[in-house]
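When you line the sequence shown up against numbering that gives the first Met the number 0, it's residues 0 to 879, in that order. Worksheet: one structure, shown below.
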Amino acid sequence: MTNFKRTKRSNTFDCNKDGFSGNVVLSSSVVHDELMATDLRVDAPEMASSPLINSENVVLASSSNGVEAPEMASSPLISTENVLLVSSSCLMDAPSSDDSAESVNVSPNREENLFLIDDSAKSQSNDEKMISFSDYAKLSRQMEKLKKENRKLRRLIPRETPSSSRLEGAVEIAVRAFDKLKLKEFSNLKNCESRNARLKALVKISQLIAGETNLNSFYVSFARFSRSNNFPWSQSITAEESLHLKTYLNMSDRSYGRLKRAMKTYTSFDTLAPLAKVRKAGDDMGVVNEYEIERKENNTAEITIKNVQMSLNKRCQNLFNAGVLDNTNTPINLTIMGDKGGKSTKVVIAIGEGKNTNSPDNLLILKMYYGDDKYAELREKLEDVGEQLSRLKTISYTDNNGTVIEKEIVFFLTGDVMFLCACFGHTGPSSTYPCVICYYSKSSCNGLLKMGEWDINDVCNMRNYELDSQNGSFNVKQGWKPIFPFIKPQYIIPPLLHIIMGISDKFIYRNLVKMASIADSFTPEEVDVLMKSMKRTSAINSLNDKVNLEQEWLDSYARDIRNVETIRNTWNSIYTSKVFRTSTDKCDANFCIFKELVSNGYNNVPYMCKCSSCGLELHAECCGIIKDSQKAMISANSHSVVCYKCNGFTKVSHIRKIVESHYSELSILHQKQLAYVEKLKSSLESVSSNLPPSGPCATAFEDVLYKDLKLIRKSYHGGCFNGNDTYKMYRPENIDKILKVFENTPNLQFSEYKKEIESLRKMMKHLGSIMSYSSTQNLTSAQQLDLSITLQSFLIELRTAYPDMTVTPKLHILASHVIPFIEKFGVWGKTSEQSIEHFHRLLARLERQFEQVPDIITRYKCILLSHSLENLRHDTLFKS
């Protein structure tokens with residue numbers, strides 16, 4: 000009978016003679032019948048996905064064995080020859096190497112002979128306790144039971160497991176291990192070293208997955224893979240976000256395509272959405288269908304909003320989603336404003352909520368027409384819009400729970416003084432009662448009211464336009480009712496931009512010019528001529544601006560002609576030589592000429608477009624999009640692209656004729672523009688001659704303004720400085736630079752001039768301080784008091800320095816209506832007319848951009864689409 004010895008050393012059962020040929024390691028110190036009889040608890044699906052489990056390697060794991068799965072995966076104990084059998088409280092593992100213990104050899108004939116006992120077991124010491132045969136028999140039966148369960152488990156495991164499944168299994172085991180570590184969330188890590196440790200661990204894992212030499216390729220592929228919108232951390236930009244970015248940067252479709260190609264070149268991938276999806280997003284998000292565009296004479300158009308309520312609700316919904324509006328019942332402020340800029344009058348509405356309320360992107364177009372902003376035209380053009388506004392009582396939108404929120408509306412009105420007068424049927428600021436708000440009279444017993452006899456604290460009654468219209472009194476024509484009767488004079492926002500610019504030009508700048516002429520020893524008659532010539536200087540500035548603008552158009556025509564000429568020559572060459580080289584680019588045109596164009600010196604980058612008829616992707620040049628006007632058309636309306644083939648031009652001879660007609664048309668336009676520019680330059684030269692000469696003081700004064708401070712007198716503001724330049728001029732350091740010119744002049748060393756210079760210094764500082772309070776922020780009580788004191792000081796200083804100057808309507812509004820308005824509403828510049836002044840310039844840029852679109856309706860659809868996207872960007876708080 001074979002003897003067995005049992006010992007607790009190393010938790011090992013040793014067998015001699017014909018028993019065990021090696022060691023069987025148990026996780027507990029004693030093996031007994033009940034322990035060995037415990038059922039195995041195995042999750043077959045998990046094991047089927049694990050790389051540790053295959054046809055030659057079986058792992059049976061339980062919850063209480065205390066073994067970490069990742070450690071098992073990395074341990075040399077797990078190999079294709081080792082079998083790990085684990086029950087709920089028992090672990091049987093083969094030794095890790097021949098140096099530490101001897102291996103367990105499984106007999107080929109496992110049914111007849113479970114263990115082969117080699118002679119090495121005989122070398123054990125005789126004092127070790129032997130195991131009886133009955134104990135061995137019990138152990139043998141338990142091993143047989145484990146073996147049967149092992150065979151059952153093998154049948155559940157696929158013979159060949161794909162590498163992806165093995166990787167998934169390894170990841171699953173690693174995830175379970177990391178769950179036990181209970182790591183802190185990455186976003187909660189405050190220590191930079193802790194964050195870097197996590198990132199370094201990610202790099203090491205990436206090296207194991209991709210291989211150390213393939214990390215770059217792996218990360219590039221991962222970046223492309225992460226563009227999927229299925230991932231919350233995706234680095235891709237949606238079509239809507241790409242559209243916002245494209246609009247904000249004022250990028251054409253071609254520039255957008257160049258940016259995408261550059262990103263692919265430098266980083267091997269780009270995060271921007273495809274151009275086709277961006278165009279579709281623009282079509283879906285635009286508000287072109289919310290407007291009626293009517294064709295008028297002289298190739299002009301009139302634009303009218305269809306439903307004011309719907310358009311405002313839509314914009315306020317976007318503002319609520321962006322967190323600008325809330326779900327309380329506080330009223331919402333809307334400001335109507337209008338002005339004539341260029342040849343067209345625009346009437347718009349601004350939403351007075353949020354931060355950027357004075358941005359032109361905040362303006363919703365109500366009406367736009369070619370004509371003046373006089374009462375008769377405004378009354379006719381705004382009849383439908385005015386009725387809609389008079390019925391507009393609330394704005395509604397829904398919150399996150401689907402509850403409808405309604406806010407009452409408080410209407411305001413602003414604009415330049417001429418527009419405000421026209422809205423109430425007032426004859427204008429040059430009348431006897433020039434104020435549009437009150438019954439102030441500019442006349443006195445001695446004629447026009449002088450500064451010296453002006454009571455700066457005089458308060459007049461508010462106007463009653465209904466009564467004045469009935470009686471035709473106080474410079475209101477009989478029957479001229481207010482265009483916006485629901486807005487009372489108390490809700491007129493004093494036009495801060497025009498007030499400050501007008502006062503600054505008349506009382507500061509012109510007195511500085513007059514002082515410079517005196518310093519240069521001009522006679523009183525020469526001073527009068529100089530002051531009158533300032534109007535001619537304004538006309539010169541306006542003409543000079545027009546020359547520069549038309550010269551830009553001339554340059555664009557010349558550039559367009561060069562491109563079309565290259566395309567024409569290429570088609571002629573193909574037609575003459577009968578030789579055609581196909582392009583390697585992905586162009587589906589029957590005749591792709593881009594490779595030929597490049598060989599002929601064409602410098603434009605490839606620009607792909609899609610035919611709206613056949614759906615093929617083609618180069619713009621290969622489908623007939625060769626002029627800037629055509630490119631502007633498809634940038635705003637991608638559905639307008641129709642290739643040569645779909646237009647019926649399938650032969651080279653047909654295409655040559657089309658291109659030739661475009662070239663001839665552009666040549667004629669270029670010649671006309673060239674003649675017009677030459678005429679403007681001649682007029683500018685003629686007007687600029689015979690101006691009064693400038694003396695040394697005037698020259699030094701102009702050098703400080705135009706060279707040092709780089710100020711510009713704007714022709715569209717009547718030759719005045721604009722708001723930003725006016726504010727810049729009144730900075731304390733710039734005031735000192737300007738007045739230093741006069742302080743060092745010998746002819747101004749008399750006391751009367753020194754006193755005037757000091758008065759001008761105080762007035763300039765006061766005006767700068769007043770301008771600083773015309774912001775969009777609500778003013779505190781202390782700020783309101785400080786503004787009131789500053790304004791009073793300015794008026795007293797002005798009246799003292801220039802008692803013989805007349806009181807202007809703008810000065811009256813500043814003195815009598817600014818402080819009461821701020822006391823009532825807490826703010827002056829929340830929505831001001833400066834936004835519509837800026838809007839004129841932006842609209843002029845859009846008109847220039849789409850001017851070559853021949854159809855006036857399509858042209859203004861493009862303009863409206865572009866501006867509506869700016870509205871959307873503003874309302875959704877897109878950040879630059």
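Virtual Cβ for every residue (Gly too), placed ideally from N, Cα, C.
Under the DSSP definition of a beta bridge, T393 partners with E407. Straight-line measurement puts the Cα of E407 at about 14 Å from the Cα of T334. Between the C-alpha atoms of F741 and P731 there is a straight-line separation of about 16 Å. Within its own chain, the residues whose Cβ lies closer than 8 Å to the Cβ of I573, once the five positions on either side in sequence are excluded, are F579, F590, I592, E595, V651, listed in chain order. For the pair N721 and M728, the Cα-to-Cα distance works out to about 11 Å. In the displayed model, Y601 falls within coil according to three-state DSSP, outside both helix and strand. Straight across, the Cα-Cα distance linking I436 with C420 is about 9 Å. The Cβ atoms of L668 and Y556 lie closer than 8 Å to each other. Between the stretch 197–215 and the stretch 234–251, the count of Cβ pairs shorter than 8 Å is below three; the stretches do not touch. The residue from L258, F185, D269 with its alpha-carbon nearest to that of I236 is D269. Checking the DSSP bridge columns, you'll see S343 partnered with G340, Y369. As DSSP reads the structure, H425 sits in a beta bridge with V475. Taking one beta carbon from each stretch, the stretch 794–814 and the stretch 488–498 have 3 or more pairs nearer than 8 Å; the two touch. Excluding the 5 residues flanking it on each side, W479 has same chain C-beta neighbours closer than 7 Å at Y374, G424, S468, in chain order. Taking 8 Å as the cut-off, the Cβ atoms of I734 and M770 do not count as close.
For K449, the three-state secondary structure derived from DSSP is strand.
Ranked by Cα distance from Y606, the first of Y255, T356, A196 is Y255. Residue ranges of uninterrupted beta strand (DSSP E) with 3 or more members are absent from the stretch 183–227; none lies entirely inside it. Secondary structure note for A321: it is in no alpha helix (DSSP H), with a DSSP letter that is neither H nor E. For L333, the three-state secondary structure derived from DSSP is strand. Bridge partners of Y290 according to DSSP: I304.
According to DSSP, H618 shares a beta bridge with M607. S773 is positioned such that its CB atom lies closer than 8 Å to that of G828. Within the same chain, and ignoring the five residues on either side of K860 in sequence, the residues whose Cβ sits closer than 6 Å to its Cβ are V287.
The stretch 694–702 makes no contact with the stretch 597–604, as fewer than three CB pairs between them are under 8 Å.
Rounded to whole angstroms, V658 and E564 show a C-alpha spacing of 9 Å.
Contact between D360 and D415 fails: their C-beta atoms lie close to 21 Å from each other, not under 8 Å. Counting C-beta pairs with one atom in each stretch, the stretch 507–522 and the stretch 744–751 have three or more that are closer than 8 Å, which means they touch. Within a 10 Å sphere around the beta-carbon of A674 sit fewer than 16 other beta-carbons, which makes this residue exposed. DSSP lists G337 as the bridge partner or partners of G414. Per DSSP, reduced to three states, the secondary structure at R844 is helical. Boundaries cannot be given for R462, as no alpha helix (DSSP H) includes it and DSSP labels it neither H nor E. Rounded to whole angstroms, the separation of the alpha carbons of V597 and C586 is 15 Å. L311 is classed as buried because its beta carbon has at least 16 other beta carbons within 10 Å across all chains shown. DSSP places K245 within a helical segment (H, G or I) once states are collapsed to three. Counted as a single uninterrupted DSSP element, the alpha helix (DSSP H) harbouring Q782 occupies residues 780–800.
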